[in-house]
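Undergrad: Structure incoming, see below.
Residue numbers (our numbering): 80 to 224.
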């Protein structure tokens, strides 16, 4: 080994010891943005499937409820009342409302009345909600097209 090779080898060793590993942050940002978009789209599709299909009346000021604890109460055209995601008519609606309020006093009840249902059925549910102590009640509508 000649002197020149020895000097080159020492420079390489010195260079290897001083170099820091490279952190590639751009691909990491791309992956994080992809995951963010993926989860945002996933939650949008999950929130639309949490209620039963009902023909709602239209309103020009319709907006979606975004609070965390939302319970849907559906009044069908036949007058049957469904609580939450249940597909069977509710026999003990007042007990279910009390249970939801005892779990969280800030529960938001969204009344989803079919546009062809009788008004007295919707008023009966509103009356029951008021007697139960529900403070946050919304009436669901569809946006006008």
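Note that the Cβ used here is the ideal one computed from N, Cα and C, for glycine as well.
(1) In angstroms with no decimal places, state the Cα-to-Cα distance between residue 227 and residue 100.
(2) Drop a sphere of 10 angstroms on the beta-carbon of residue 127, count the other beta-carbons inside from all chains shown, and report buried for 16 or more, exposed for fewer.
(3) Measuring straight from C-alpha to C-alpha, what distance separates residue 210 and residue 194?
(4) Would residue 158 and residue 200 qualify as a contact pair, given that the criterion is a beta-carbon distance under 8 Å?
(5) In this structure, what does DSSP give as the bridge partners for residue 152?
(6) Distance, Cα to Cα, residue 198 vs residue 153?
(7) Report back the beta-carbon spacing between residue 179 and residue 204 to the nearest angstrom; my notes put them in contact at under 8 Å.
TA: Taking the definition as stated:
(1) Since the displayed the chain opens at 80 and closes at 224, residue 227 lies outside it and no answer follows.
(2) With a pLDDT of 49 at residue 127, under the threshold of 50, the modelled position of that residue is not reliable, and the figure given next carries that caveat. With fewer than 16 Cβ atoms within 10 Å of its Cβ, residue 127 is classed as exposed.
(3) 24 Å
(4) yes
(5) 162 and 190
(6) 13 Å
(7) About 14 Å separates the two Cβ atoms, so there is no contact after all.
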